Amino acid sequence: MNPPFVQSLLKTLRQTSPRNVAVGLLVFVLLLWGVALIRFSIDVAGGADSSGYMNNARLLLEGRVQDDSRTLPEIREDLFHFRGYAPLGFHIDPETKMLIPGYPFGFPLVLAPFHAAFGDAAGTRIVLLLIGLAGPILTLLLARESGLSLEWATLCAVTLATSALYQVQAYFPMTDTFTLVIACLVLLFLYRLDRGPWSGYLLGACLALGVLTRPANILLFVPVGLYLMAQPERLRHSWKIILGGLPGAAFQIWVNLTLYHKAFTTSYGDFSSLFKAEYFFPTLLFFALNGLFLVTPMALVGFLGSPVMIGSNRFRLLPLFAQALSFIGFYAFYFHSSEVWWTLRFILPVFPAVIILGAHFWSRLLPRIRNSDGWSQVTRWTPIAFSVVAILIGYQYGDKKSIHSLYTVENGYREAAQWLGERTEETDVVVCMQVSGAFFYYLPNPIIRWDYLKPDLWESEIAPGLLQNRRVFAVLYPFELERDLFRTRMPGDWKMIKKIKHVSIYELR
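When you line the sequence shown up against my numbering, it's residues 56 to 564, in that order.
So, in structure tokens, the structure goes:
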């Protein structure tokens, strides 16, 4: 017989609905997450990724997909390689000398209309707010669609929304959370192929947008293909999927022909050397160890154990398994996947699938352990308890990684550009590398990359020629200063004139 306090606790649990608690917890978490997105989202063209996408959005608003290079007539081509005029996020065409975007146009296609309507800063914030909230909401819907109860689906949404990796990537104008949203939509429309006339078309459109966003997102086709082959009666929807994807495919081919003169190529070029079999097992271990904090131990253990608990629901869960394993397997061979904790962003798009499969494991395992009233109450309240643990892990790990202080750091790009722009003419030259994409976005000044300079030619020919008619500035990050660039790349009489956060600004005398 249970002690009196246990009986009292069980009575309270029986009288309280975990469903109502789950709804309240979900609303609370989403409200807090929305406030965090409004407060901490980064509306800045900063490093290569964010400036690359925002520069692309600007080009789309101008009705073009390539930009003019800001070459300097004082510098002969034999003194300075023309690639040095390309800021981060761009390549330069050797024949036309036009700047070719190095990042895909999928995400900029979403940014551009919001920039046009609300301005670049406010427009970016609105997009990040919508995408950031869409992730956990779509995860909830996908979990329900896969057969989970509302309580377990709430756990999935809360686990994603409080993940430090999801939060940090949602704050940046980058494609990882956007791809996650697309990945969720692909599975939702796939599940609903038979329940609406538009599901097939929308599925095709999402697949096309995914590839427009990141070429590797062709992996999104894997769960679609396997699900259709496993249930051949759904193959009749294939023509809708193809028609839905045609506009995106046509745009992609047009961009490729315009920029690279080939229909099937990418701006990334050949990076096959970054994929090696020797990375596979160390990267999987890296994923697992970091996953303990980024998707919680419960979700990770559940995901690893989920294959043995599929049961009769195997066709329903097949797309989730296919999506998760295809991304994890592909990026396990990739060199950059295991550099630091936030490089798990490459597999962030399948976090919902991993978390949902983990929830399926626990929701099926726990009722089988014991058949008693007390254990039944434990089982009913487990998803709520897991949600609270996920919140605590996410908060603690995010605080440890200082993810909510990133806006202050990133805003240094814009502040430095604004400060320098107020004190220079449009013809003055900026020597830089790390800030080159941001300064190209915010300023009209010509930019030259220090990593293409030769010190002897700089000191004897380039710098004297520029100083005859222009002022010359260097804008550098700490890691660039550590390379002793004023001796190894661009010797001269440099004077520091301003330091804004991490950015140091120098003028050549």
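Ideal Cβ positions, reconstructed from N, Cα and C, are used throughout, including at glycine. Every value quoted in this text rests on a predicted model; they were computed, and no experiment measured them.
Within the region 343-412, note down every full alpha helix (DSSP H) run reaching 4 residues or more, in order along the chain. 352-360, 369-386
Could you check which residue in 266, 312, 209 has the C-alpha nearest to that of residue 437? In the sequence shown, counting from the first residue as 1, residue 437 sits at position 382. Comparing Cα positions, the closest option is 209.
Report the rounded CA-to-CA distance for residue 605 versus residue 455, giving the unit in angstroms. The displayed coordinates of the chain run from 56 to 564. Any statement about residue 605 would go beyond what the structure contains.
State the DSSP-derived secondary structure class of residue 549, mapped to helix, strand or coil. The count along the sequence shown starts at 1 and reaches residue 549 at position 494. In the structure shown, residue 549 sits in a strand (DSSP, three-state: E or B).
Under three-state DSSP, which class holds residue 504? Taking the sequence shown and counting its residues from 1, the one referred to as residue 504 is at position 449. Residue 504 falls in the strand class under three-state DSSP.
For residue 323, the three-state DSSP class (helix, strand or coil): As a working mapping, residue 323 is identified with position 268 in the sequence shown. Residue 323: coil per DSSP, three-state reduction.
Compare the C-alpha of residue 298 against each of 326, 92, 281, 261 and name the closest. Within the sequence shown, the letter at position 243 stands for residue 298. Ranking the options by Cα distance to residue 298, first place goes to 261.
Neighbourhood of residue 313 by C-beta distance below 7 Å, restricted to the same chain and skipping five residues each side: Here the question's residue 313 lines up with position 258 in the sequence shown. Cβ within range, chain order: 120.
Have a look at the DSSP bridge pairing and note the partners of residue 156. The residue labelled residue 156 in the question sits at position 101 within the sequence shown. Bridge partners of residue 156: 145.
Compare the beta carbon distance of residue 202 and residue 503 with 8 Å and say whether it is the shorter of the two. Taking the first residue of the sequence shown as position 1, residue 202 is located at position 147. Taking the first residue of the sequence shown as position 1, residue 503 is located at position 448. Not closer than 8 Å, so no.
Span of the alpha helix (DSSP H) around residue 491: For the purposes of this step, residue 491 is taken as residue 436 along the sequence shown, with counting starting at 1. 491-497 is the span of the alpha helix (DSSP H), which, as asked, contains residue 491.
Among 153, 154, 175, whose alpha-carbon lies nearest the alpha-carbon of residue 163? Within the sequence shown, numbered from 1, the residue matching residue 163 stands at position 108. Comparing Cα positions, the closest option is 175.
Taking C-beta to C-beta, are residue 521 and residue 132 nearer than 8 Å? Indexing the sequence shown from 1 puts residue 521 at position 466. Indexing the sequence shown from 1 puts residue 132 at position 77. Taking 8 Å as the Cβ cut-off, residue 521 and residue 132 do not qualify as a contacting pair.
Along the chain, where does the beta strand (DSSP E) containing residue 559 start, and where does it finish? One-based indexing of the sequence shown puts residue 559 at position 504. That run of the beta strand (DSSP E) goes 558-563.
In chain order, what residues of the same chain have a beta carbon less than 6 Å from the beta carbon of residue 37, not counting five sequence neighbours either side? The question about residue 37 has no answer, for the chain in this structure spans 56 to 564.
Which residues mark the beginning and the end of the beta strand (DSSP E) in which residue 120 is found? Start at 1 with the first residue of the sequence shown, and residue 120 comes out as number 65. Per DSSP, residue 120 belongs to no beta strand (DSSP E) and is neither H nor E.
Measure the beta-carbon distance from residue 366 to residue 219 and round it to whole angstroms, keeping in mind my assumption that it falls under 8 Å. Locating residue 366 in the sequence shown gives position 311, counting from the first residue. Locating residue 219 in the sequence shown gives position 164, counting from the first residue. In fact, because the Cβ distance is near 33 Å, the residues do not count as touching under 8 Å.
Coarse secondary structure for residue 277, derived from DSSP in three states: Indexing the sequence shown from 1 puts residue 277 at position 222. Residue 277 falls in the helix class under three-state DSSP.
Per DSSP, which one or two residues make a beta bridge with residue 530? Walking along the sequence shown from the start, residue 530 turns up at place 475. In DSSP, residue 530 forms a bridge with 560.
Please tell me whether residue 181 and residue 232 are closer than 8 Å, where the distance is taken between their beta carbons. Along the sequence shown, one-based indexing puts residue 181 at 126. Along the sequence shown, one-based indexing puts residue 232 at 177. In this structure, residue 232 does not lie closer than 8 Å to residue 181 by Cβ.
First through last residue of the beta strand (DSSP E) which encompasses residue 484: Working through the sequence shown from its first residue, we reach residue 484 at position 429. Taken as a continuous stretch (DSSP letters only), the beta strand (DSSP E) holding residue 484 covers 484-487.
With 16 other Cβ atoms within 10 Å as the buried cut-off, status of residue 386: In the sequence shown, counting from the first residue as 1, residue 386 sits at position 331. Its Cβ being crowded by 16 or more others within 10 Å, residue 386 is buried.
Neighbour-count burial assignment, residue 333, 16 or more Cβ in a 10 Å radius: As a position in the sequence shown, residue 333 is number 278, starting the count at 1. Exposed is the call here.
Could you name the residues of the same chain whose beta carbon sits closer than 7 Å to that of residue 535, not counting the 5 residues immediately before and after it, in chain order? In the sequence shown, the residue the question calls residue 535 occupies position 480. 488, 489.
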